[in-house]
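Peer 1: Numbering (this note's numbering), first residue to last: 474 to 1032.
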């Protein structure tokens, strides 16, 4: 083993940090310059008897001391240090800091207590202590929340079965941070009118979330996120429901008993509605007002300050023009529910969100990586466009059929990716029309989209901070673009200032007889979305008297 003295080297990965680098060097009393750092050979220095001065070399480093047992090999004569490391050679996110061994120590220790494999059934869990601990934690939460009580099996009431589901929770970098076990009720055995009545529960639209992100940039405040632990266990149910004892955790004294539910359980059809009613009543009791259109939006005002809360099942996004309102809301939620505070909003529903001083950046790079790996296109050639302008997809009745399940899986994954990638919206929606009987030509079009995504993985939405927050819409349409039904396609997009928050690509329901008719139908779709956005933004105390719609057809404008 060779023991050598290490040398502290500072790397700067972009020219934007040059000024910070100079100030950092001044604090250390060093004089450096961009370029190559050369250290003369120690042997040459001893022969000449000259000691290099500070002005002779950009950075004077002490010669390494000879350690007993150290290799006697001389150091290279020229040591070259590149200050600006090529960005394309950096593995990982260039904006994140470099992790040293000491900072990785905690991660390595945590990985030692986290299982990397998801078990498929209860038999696989028995041999893994980590998953047994996760199952016990889930059942302990049932006891703390008083979800059920053990009773004799009823003779005139159906009993719903239960099962375990095991998942590895990951962070935005794809690192496993937690083993999560959850007990589910087999709700598909429930009978309507007996085991449940109402099941509907609202969730936030992605357009509403993007509008909130743009509004936060406009008002210059930070958005935070929190998660409610075991949210469905907090909802009360009115029906009389019985479930079987959890597999692997049956009572020794009463093996034939069942649990009578006092609160909702994951898997029940009425569980989402029960949780929403519990949370909404709590927020309204605390002085919040529900949105006029978006019932997942809750707003609380205090003098000139405003607190905004957006709910997506158990995930909560909130922000305020005054930080004290955020602190009060956090304490309020912790007093009623068991929460896990996640800090600033950075990863939500697969969206990677970076809140910077200049604005907010949204993309789905991690999701794209998983998508390419899932469909074996990691080594495919990169394409510059998602679809060729010369391609015209049709039913291709003479083409070779492919696996429709795989094709639908690819389409569904790409549709979710359009949450931050409007550039693939038209191409994906065009490919969705052939899910009933896909051919090889349709699969080639989908694979081209994946190859395009490989080369544009880091592209996303940028919401700059500024004073402009005017609502404006754009509409366009082709004429008889569908080769099967000769219907036109409507395309719309909507901006709040310089922030793109909404976009659509949809085949029209009727066959347009002229380009003016096709463009007018597209303008009507754009207008309907603007009306919804205006009413939603009115909850933010914003009003728009005049909202322009940009259309490139003179006949449609004159109509």
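Using N, Cα and C, we set each Cβ at its ideal position, and we do this for glycine too.
Can you give the Cα-Cα distance for residue 780 and residue 680, rounded to whole angstroms?
Peer 2: For the purposes of this step, residue 780 is identified with residue 307 of the chain shown, where counting begins at 1. For the purposes of this step, residue 680 is identified with residue 207 of the chain shown, where counting begins at 1. The alpha-carbon atoms of residue 780 and residue 680 are separated by roughly 19 Å.
Peer 1: Under 8 Å between the Cβ atoms of residue 934 and residue 973?
Peer 2: As a first step, residue 934 must be located in the chain shown, where it is residue number 461. As a first step, residue 973 must be located in the chain shown, where it is residue number 500. Their beta carbons are under 8 Å apart, which means residue 934 touches residue 973 by this criterion.
Peer 1: Would you mind stating whether residue 618 and residue 711 have Cβ atoms separated by less than 8 Å?
Peer 2: Taking the first residue of the chain shown as 1, we reach residue 618 at position 145. Taking the first residue of the chain shown as 1, we reach residue 711 at position 238. The answer is no: Cβ separation not under 8 Å.
Peer 1: Which one of 953, 1005, 728 has the shortest CA to CA distance from residue 981?
Peer 2: For the purposes of this step, residue 981 is taken as the residue at position 508 of the chain shown. Answer by Cα proximity: 953.
Peer 1: Count the C-beta pairs between the region 873-890 and the region 901-921 that are closer than 8 Å, then say yes if the count reaches three, no if not.
Peer 2: yes
Peer 1: Is it true that the CB of residue 783 sits closer than 8 Å to the CB of residue 768?
Peer 2: Stepping through the chain shown from its first residue, residue 768 is reached at position 295. Stepping through the chain shown from its first residue, residue 783 is reached at position 310. No, the Cβ-Cβ distance between residue 768 and residue 783 is not below 8 Å.
Peer 1: Using the Cβ count rule (16 or more neighbours within 10 Å means buried), how would you classify residue 745?
Peer 2: For the purposes of this step, residue 745 is identified with residue 272 of the chain shown, where counting begins at 1. It is buried - the Cβ of residue 745 has at least 16 other Cβ atoms within 10 Å.
Peer 1: Can you say whether residue 960 is buried or exposed, counting buried as having 16 or more other CB atoms within 10 angstroms of its CB?
Peer 2: On the chain shown, position 487 is the one that residue 960 refers to. Classification of residue 960: buried, given that the 10 Å Cβ count is 16 or more.
Peer 1: Distance check for residue 970 and residue 1023, CA to CA, integer angstroms please.
Peer 2: On the chain shown, residue 1023 is found 550 positions in, with the first residue counted as 1. On the chain shown, residue 970 is found 497 positions in, with the first residue counted as 1. Residue 1023 and residue 970: Cα-Cα distance of roughly 15 Å.
Peer 1: Excluding five sequence neighbours on each side, which residues of the same chain lie with their C-beta closer than 6 Å to the C-beta of residue 937?
Peer 2: Position 464 of the chain shown holds residue 937. If we look at residue 937 and ignore the five residues flanking it on each side, its Cβ neighbours are 832, 971.
Peer 1: In terms of alpha-carbon separation, which member of 647, 962, 1005, 1000 lies closest to residue 987?
Peer 2: As a position in the chain shown, residue 987 is number 514, starting the count at 1. Closest by alpha carbon: 962.
Peer 1: Extract the residue ranges of the alpha helix (DSSP H) inside the region 921-959, only unbroken runs of 4 or more that lie entirely within it.
Peer 2: none
Peer 1: Answer with buried or exposed for residue 1006, where buried requires no fewer than 16 other C-beta atoms within 10 angstroms of its C-beta.
Peer 2: Residue 1006 sits at position 533 when you count from the first residue of the chain shown. Result: buried.
Peer 1: Should residue 725 go down as buried or exposed, given a rule of 16 or more other Cβ atoms within 10 Å for buried?
Peer 2: Counting from 1 along the chain shown, the entry for residue 725 is found at position 252. When all chains shown are included, residue 725 counts as exposed.
Peer 1: Mind checking which residues open and close the beta strand (DSSP E) that includes residue 977?
Peer 2: Here residue 977 refers to the residue found at position 504 of the chain shown. First-last of the beta strand (DSSP E) with residue 977: 972-980.
Peer 1: In terms of alpha-carbon separation, which member of 995, 851, 748, 671 lies closest to residue 925?
Peer 2: Taking the chain shown and counting its residues from 1, one reaches residue 925 at position 452. Nearest option by C-alpha distance: 851.
Peer 1: In the DSSP assignment, find the unbroken beta strand (DSSP E) run with residue 788 in it and report its ends.
Peer 2: The sequence position of residue 788 within the chain shown is 315, counting from 1. Here the beta strand (DSSP E) through residue 788 covers 788-793.
Peer 1: Taking the beta strand (DSSP E) that residue 635 falls in, what are its first and last residues?
Peer 2: Indexing the chain shown from 1 puts residue 635 at position 162. Membership of residue 635 in the beta strand (DSSP E) is indicated by the continuous run 635-643.
Peer 1: With which residues is residue 621 paired in a DSSP beta bridge?
Peer 2: In the chain shown, the residue the question calls residue 621 occupies position 148. 734.
Peer 1: With which residues is residue 632 paired in a DSSP beta bridge?
Peer 2: The residue you call residue 632 lines up with position 159 of the chain shown. When DSSP reads this structure, residue 632 sits in a beta bridge with 715.
Peer 1: Taking the alpha carbon of residue 853 as the point to measure from, which residue in 797, 895, 919, 606 has its own alpha carbon closest?
Peer 2: For the purposes of this step, residue 853 is identified with residue 380 of the chain shown, where counting begins at 1. Looking at the Cα atoms, 919 is the closest of the given residues.
Peer 1: Determine, using beta carbons only, whether residue 698 comes closer than 8 Å to chain B.
Peer 2: Note that chain B does not occur in the displayed structure, where there is just one protein chain.
Peer 1: Run through DSSP, which three-state label would residue 825 get?
Peer 2: Locating residue 825 in the chain shown gives position 352, counting from the first residue. Three-state result, residue 825: strand.
Peer 1: What's the call for residue 640, buried or exposed, on a 16-neighbour Cβ count within 10 Å?
Peer 2: One-based indexing of the chain shown puts residue 640 at position 167. Residue 640 comes out exposed.
Peer 1: What are the complete alpha helix (DSSP H) segments, minimum 4 residues, inside the region 804-856?
Peer 2: Within the region 804-856, the complete alpha helix (DSSP H) runs of at least 4 residues are 838-847.
Peer 1: My output table needs one value for residue 910: the three-state DSSP class, helix, strand or coil.
Peer 2: Against the chain shown, residue 910 aligns to sequence position 437. Coil.
Peer 1: Taking only runs that begin and end inside the region 743-797, name each unbroken alpha helix (DSSP H) of 4 or more residues, in chain order.
Peer 2: 744-758
Peer 1: Which residues bound the beta strand (DSSP E) around residue 653?
Peer 2: Taking the chain shown and counting its residues from 1, the one referred to as residue 653 is at position 180. Residue 653 -> beta strand (DSSP E) spans 649-658.
Peer 1: Measure how close the beta-carbons of residue 672 and residue 742 come, nearest whole angstrom, since I'm counting them as under 8 Å.
Peer 2: Mapped onto the chain shown, residue 672 falls at position 199. Mapped onto the chain shown, residue 742 falls at position 269. For a cut-off of 8 Å, the C-beta gap from residue 672 to residue 742 is around 5 Å, short enough to register as a contact.
Peer 1: Can you tell me where the alpha helix (DSSP H) with residue 661 in it begins and where it stops?
Peer 2: Residue mapping note: residue 661 aligns to position 188 of the chain shown, counting from 1. Unbroken run through residue 661: none, as it is neither H nor E.
Peer 1: With a 10 Å radius around its C-beta and 16 neighbouring C-beta atoms as the bar for buried, classify residue 900 as buried or exposed.
Peer 2: Sequence index remark: in the chain shown, residue 900 carries index 427 (1-based). That one is buried.
Peer 1: Looking at the structure shown, is residue 1008 part of a helix, part of a strand, or coil, going by DSSP?
Peer 2: For the purposes of this step, residue 1008 is taken as residue 535 along the chain shown, with counting starting at 1. Helix, per DSSP.
Peer 1: Where does residue 975 land, buried or exposed, given buried means 16+ other C-beta within 10 angstroms?
Peer 2: In the chain shown, residue 975 corresponds to position 502, counting from 1. It counts as buried.
Peer 1: Could you compute how far the alpha carbon of residue 652 sits from the alpha carbon of residue 634?
Peer 2: Residue mapping note: residue 652 aligns to position 179 of the chain shown, counting from 1. Residue mapping note: residue 634 aligns to position 161 of the chain shown, counting from 1. Distance between the alpha carbons of residue 652 and residue 634 is about 23 Å.
Peer 1: Name, in chain order, the residues that DSSP records as bridge partners for residue 1023.
Peer 2: For the purposes of this step, residue 1023 is taken as the residue at position 550 of the chain shown. Paired residues: 947.
Peer 1: Can you check DSSP and say which residues form a bridge with residue 605?
Peer 2: Residue 605 sits at position 132 when you count from the first residue of the chain shown. Paired residues: none, contrary to the question.
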